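**Student:** Residue numbers (the numbering used here): 284 to 537.
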Ligand code: DGL
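#1: Below 8 Å between beta carbons: does that hold for residue 296 and residue 319?
#2: What's the gap between the Cα of residue 515 and the Cα of residue 456?
#3: Using a Cβ-based criterion (distance less than 7 Å to any ligand heavy atom), does residue 331 qualify as near the ligand DGL?
#4: With DSSP as the reference, please indicate the residues paired to residue 299 in a beta bridge.
#5: Where DSSP assigns a beta bridge to residue 488, which residues make up the other side?
#6: For the candidate residues 524, 492, 506 and 309, whose alpha-carbon lies nearest to that of residue 321?
#7: Ignore the nearest five residues each way along the sequence and tell me which others in residue 433's own chain have a CB closer than 6 Å to its CB.
#8: Can you give the Cα-Cα distance for residue 400 and residue 325, rounded to whole angstroms?
#9: Using DSSP's beta-bridge definition, name the partner residues of residue 519.
#10: Give me, in chain order, the residues of the same chain whose beta-carbon lies closer than 7 Å to that of residue 523; leave out the 5 immediate sequence neighbours on both sides.
#11: Does the beta-carbon distance from residue 393 to residue 426 come in below 8 Å?
#12: By DSSP's criteria, residue 392 is part of a beta bridge. Which residues make up the other side?
#13: Should residue 399 be listed as close to the ligand DGL, given that the test is whether its C-beta is under 7 Å from any heavy atom?
#14: Tell me the DSSP secondary structure of residue 360 in three-state form.
#15: Hey, residue 339 and residue 364: beta-carbon distance below 8 Å or not?
#16: Considering only heavy atoms of the ligand DGL, does any lie closer than 7 Å to the CB of residue 299?
#17: Taking only the alpha-carbon atoms, compute the straight-line gap between residue 284 and residue 532 and give it to the nearest angstrom.
#18: Smallest Cα separation from residue 474: which of 395, 424, 443 and 360?
#19: Between which residues of its own chain and residue 458 is the CB-CB distance below 7 Å, once the five residues before and five after are set aside?
#20: Would you mind working out which of 470, 489 and 517 sits nearest residue 304, comparing C-alpha positions?
#21: Below 6 Å CB to CB, which residues in the same chain sit around residue 290 once its five sequence neighbours on both sides are set aside?
#22: Leaving out five residues on either side along the sequence, give the residues of the same chain with a beta carbon under 7 Å from the beta carbon of residue 446.
#23: I want to know whether the stretch 355–363 touches the stretch 492–511 - three or more CB-CB distances under 8 Å.
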């Protein structure tokens with residue numbers, strides 16, 4: 284039976300279905316070396332991309348409440364799928380907590396493309412949400428936006444499975460249609476960035492929004508009056524299930 288882990292006074296939590304959000308976590312840590320952080324990998328419930336939006340919304344609210352009960356005041360949803368499913372809902376339901384979410388970086392892609400063809404790689408859940416539709420309405424005008432869902436890829440990355448054939452399959456239409464900017468619209472994909480880059484024509488630009496999300500998280504934390512000068516601890520919580528030994532996980536009974 285897992286104990287209730289101590290989050291060591293962390294006021295900022297970073298949440299994902301697995302290890303994808305550790306990219307955002309690292310960017311936060313680089314900018315705020317002394318802040319106390321808690322990271323939650325929802326291994327027991329992921330992959331979010333294979334769940335319905337309703338399931339992910341309910342689960343994210345449940346995890347947010349767990350963290351808030353332990354003193355967390357800023358929750359960074361370092362997951363495009365969970366942000367698409369739950370961000371508006373969380374802000375409505377839990378108005379005393381600050382939520383920072385993610386969306387595929389279409390705006391910078393629109394600014395940088397020369398061919399007018401940009402590709403977004405993401406889970407199916409991310410494309411289903413209202414968040415993505417409104418993003419295309421606002422920033423997609425005049426662009427040819429390739430919505431490339433990549434079923435199974437995030438969890439293959441998570442579990443050390445075979446990503447090679449999945450990448451070949453999902454990048455073929457991106458190459459064929461001439462995208463010159465590719466957005467990593469799932470926080471797991473930067474973990475195979477080199478493998479993606481190798482498959483794309485030279486000069487294709489890849490956008491990972493993690494640094495921008497980290498900057499936003501710290502802005503929001505400062506606005507919320509959170510002291511960034513803590514003990515510099517990171518608590519890694521997992522809800523169980525398969526995960527490797529990359530991080531010092533503590534299992535939380537959630
Ligand atoms: N890392 C998550 C994202 O950014 C998705 C992974 C999953 O399918 O659980 O969308």
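Even for Gly, the Cβ is constructed at its ideal location relative to N, Cα and C.
These numbers come from a predicted model, not from an experiment.
**Tutor:** According to the structure shown:
#1: Counting from one through the chain shown, the residue named residue 296 turns up at place 13. Counting from one through the chain shown, the residue named residue 319 turns up at place 36. Residue 296 places its beta carbon 8 Å or farther from that of residue 319.
#2: The count along the chain shown starts at 1 and reaches residue 515 at position 232. The count along the chain shown starts at 1 and reaches residue 456 at position 173. Distance between the alpha carbons of residue 515 and residue 456 is about 44 Å.
#3: Indexing the chain shown from 1 puts residue 331 at position 48. Yes; taking the cut-off as 7 Å, the Cβ of residue 331 has a heavy atom of the ligand DGL nearer than that.
#4: Counted from its first residue, the chain shown places residue 299 at position 16. Note: residue 299 sits in a beta bridge opposite 324.
#5: To locate residue 488, count along the chain shown from 1; it is residue 205. DSSP, once it has assigned bridges, lists 464 as partnering residue 488.
#6: Position 38 of the chain shown, counting from 1, holds the residue named residue 321. Residue 309 is the option with its Cα nearest to residue 321.
#7: Here the question's residue 433 lines up with position 150 in the chain shown. Cβ neighbours of residue 433 within its own chain (closer than 6 Å, five residues either side excluded): 404 and 453.
#8: Taking the chain shown and counting its residues from 1, the one referred to as residue 400 is at position 117. Taking the chain shown and counting its residues from 1, the one referred to as residue 325 is at position 42. Per the coordinates, the alpha-carbon of residue 400 lies some 34 Å from the alpha-carbon of residue 325.
#9: Locating residue 519 in the chain shown gives position 236, where the first residue counts as 1. 322 and 532.
#10: As a first step, residue 523 is located in the chain shown; it is residue number 240 there, counting from the start. The residues are 326, 327 and 534.
#11: For the purposes of this step, residue 393 is taken as residue 110 along the chain shown, with counting starting at 1. For the purposes of this step, residue 426 is taken as residue 143 along the chain shown, with counting starting at 1. Yes, Cβ-Cβ distance for residue 393 and residue 426 is below 8 Å.
#12: By 1-based counting over the chain shown, the position of residue 392 is 109. Residue pairing by DSSP places residue 392 opposite no residue, since no beta bridge is assigned to it.
#13: What you label residue 399 is simply residue 116 of the chain shown in a count that begins at 1. No, since every heavy atom of the ligand DGL falls outside the 7 Å radius drawn around the Cβ of residue 399.
#14: Translated into the one-based positions of the chain shown, residue 360 becomes position 77. Three-state DSSP puts residue 360 in a strand.
#15: On the chain shown, residue 339 is found 56 positions in, with the first residue counted as 1. On the chain shown, residue 364 is found 81 positions in, with the first residue counted as 1. Cβ distance < 8 Å, so residue 339 and residue 364 count as in contact.
#16: Sequence index remark: in the chain shown, residue 299 carries index 16 (1-based). At least one heavy atom of the ligand DGL is nearer than 7 Å to the Cβ of residue 299, so yes.
#17: Locating residue 284 in the chain shown gives position 1, where the first residue counts as 1. Locating residue 532 in the chain shown gives position 249, where the first residue counts as 1. Its pLDDT being 41, under 50, residue 284 is placed unreliably by the model, and the measurement read from it follows with that caveat. C-alpha separation (whole angstroms): 15 Å.
#18: Residue mapping note: residue 474 aligns to position 191 of the chain shown, counting from 1. Taking residue 474 as reference, the option from 395, 424, 443 and 360 with the minimal CA-CA separation is 443.
#19: Your numbering for residue 458 matches position 175 in the chain shown. The beta carbon of residue 458 is closer than 7 Å to those of 483 and 484 in its chain, skipping five residues each way along the sequence.
#20: The residue labelled residue 304 in the question sits at position 21 within the chain shown. Ranked by Cα distance from residue 304, the options 470, 489 and 517 are led by 470.
#21: Within the chain shown, numbered from 1, the residue matching residue 290 stands at position 7. Taken in chain order, the residues that qualify are 321, 353 and 518.
#22: Here the question's residue 446 lines up with position 163 in the chain shown. Here the set comprises 436, 439, 440, 475 and 478.
#23: They touch, by the three-pair rule.
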